[in-house]
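**Q** Chains as they are written, first to last, in our numbering: chain A, 1 to 90; chain E, 91 to 228.
Heads up, the beta-carbon is just placed ideally off N, CA and C, and yes, glycines get one too.
Every value quoted in this text rests on a predicted model; they were computed, and no experiment measured them.
Got a structure here, written out as structure tokens. Questions coming.
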């Protein structure tokens, strides 16, 4: 039980709570849920779906980047090809 | 003793996996497309974190937000290059999926080229693997 593992666990749980708050309690999250439910109706209500897609991709990329750093932090090594097992598990 | 350690290993690894899978689920639920380049973005996040720590000699709590922001920027770029043109042309979703496979191959190969360059800079004789035991990576 090294401190690095505890830090990784706490940080990932913190990020999950942040994401939960963002999707459930903010206007951006509400717009994201609306676009996910029905893109055309969300567009009728004045939500720019392309912007929501951009925000979604930014969030997904940020989460992936955070998990990449945490995973690299735990094993202290990386190669460009170790994304493949992660890809399959994801 | 040993079983406690195994439980801790499982829990933190599960945390990292779920963080990764949340990105997949987010994109899949909002766009309805499977983003197969997500793992390439994951790898780039780790790579940028490594570069910030080893090249710029910054501590890890600066490297994490930098890696998150730049991985998010790569995600936005990916959406603009690989997904938005197809969506604008009302292409079927399977073509967006194939486009993301191509983006994934491209990103991994760029990382391989850059990492080989980095190894030349370091004068280390490992093949493609960077071990940073002497740096402040945790």
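For residue 101 of chain E and chain A, any beta-carbon pair shorter than 8 Å?
**A** Numbered from its first residue, the second chain carries residue 101 of chain E at position 11. At least one chain A Cβ lies under 8 Å of residue 101 of chain E.
**Q** The alpha helix (DSSP H) that contains residue 120 of chain E, what's its start and end?
**A** Along the second chain, read from residue 1 onward, the residue named residue 120 of chain E stands at position 30. Segment 92 to 121, the alpha helix (DSSP H) holding residue 120 of chain E.
**Q** Any beta carbon from chain E within less than 8 Å of residue 69 of chain A's own beta carbon?
**A** Counting from one through the first chain, the residue named residue 69 of chain A turns up at place 69. Output row for residue 69 of chain A: interface = yes.
**Q** Distance check for residue 14 of chain A and residue 183 of chain E, CA to CA, integer angstroms please.
**A** As a working note, residue 183 of chain E is residue 93 in the second chain. As a working note, residue 14 of chain A is residue 14 in the first chain. C-alpha separation (whole angstroms): 33 Å.
**Q** At a cut of 8 Å, does the region 117 to 126 of chain E reach the region 190 to 198 of chain E through at least three beta carbon pairs?
**A** Taking 8 Å as the limit for Cβ pairs, the verdict is that the region 190 to 198 of chain E does touch the region 117 to 126 of chain E.
**Q** Would residue 56 of chain A be called buried (16 or more neighbouring beta carbons within 10 Å of its own) or exposed?
**A** Translated into positions along the first chain, residue 56 of chain A becomes position 56. Label assigned to residue 56 of chain A: buried.
**Q** Closer than 8 Å, Cβ to any Cβ of chain A: which residues of the region 133 to 162 of chain E, in chain order?
**A** Correct list: 133, 134, 135, 136, 137, 138, 139, 140, 150, 153, 154, 157, 158, 159, 160, 161, 162.
**Q** Taking the continuous alpha helix (DSSP H) assigned at residue 20 of chain A, which residues delimit it?
**A** On the first chain, position 20 is the one that residue 20 of chain A refers to. 3 to 25 is the extent of the alpha helix (DSSP H) around residue 20 of chain A.
**Q** Which class does residue 78 of chain A belong to by DSSP, given the choice of helix, strand or coil?
**A** The residue you call residue 78 of chain A lines up with position 78 of the first chain. Strand, per DSSP.
**Q** Residues of chain A with a CB under 8 Å from the CB of residue 120 of chain E: which are they?
**A** Position 30 of the second chain holds residue 120 of chain E. What residue 120 of chain E touches in chain A: 32, 35, 36, 52, 53, 56.
**Q** Measuring straight from C-alpha to C-alpha, what distance separates residue 146 of chain E and residue 138 of chain E?
**A** Residue mapping note: residue 146 of chain E aligns to position 56 of the second chain, counting from 1. Residue mapping note: residue 138 of chain E aligns to position 48 of the second chain, counting from 1. Distance between the alpha carbons of residue 146 of chain E and residue 138 of chain E is about 11 Å.
**Q** Which residues bound the alpha helix (DSSP H) around residue 87 of chain A?
**A** Indexing the first chain from 1 puts residue 87 of chain A at position 87. Counting along the chain, the alpha helix (DSSP H) containing residue 87 of chain A begins and ends at 83 to 89.
**Q** What do you get for residue 84 of chain A, buried or exposed, if any count of 16 or more other CB atoms within 10 angstroms of its CB means buried?
**A** For the purposes of this step, residue 84 of chain A is taken as residue 84 along the first chain, with counting starting at 1. It is exposed - the Cβ of residue 84 of chain A has fewer than 16 other Cβ atoms within 10 Å.
**Q** Quick one: is residue 10 of chain A buried, meaning 16 or more other Cβ sit within 10 Å of its Cβ, or exposed?
**A** Position 10 of the first chain, counted from the start, is the residue given in the question as residue 10 of chain A. Exposed.
**Q** Nearest to residue 89 of chain A by CA position, among E/120, E/111, E/198, is which residue?
**A** Start at 1 with the first residue of the first chain, and residue 89 of chain A comes out as number 89. With distances taken between Cα atoms, residue 89 of chain A lies closest to E/111.
**Q** Could you tell me whether the region 63 to 70 of chain A touches the region 157 to 164 of chain E, using the rule of 3 or more Cβ pairs below 8 Å?
**A** These segments touch.
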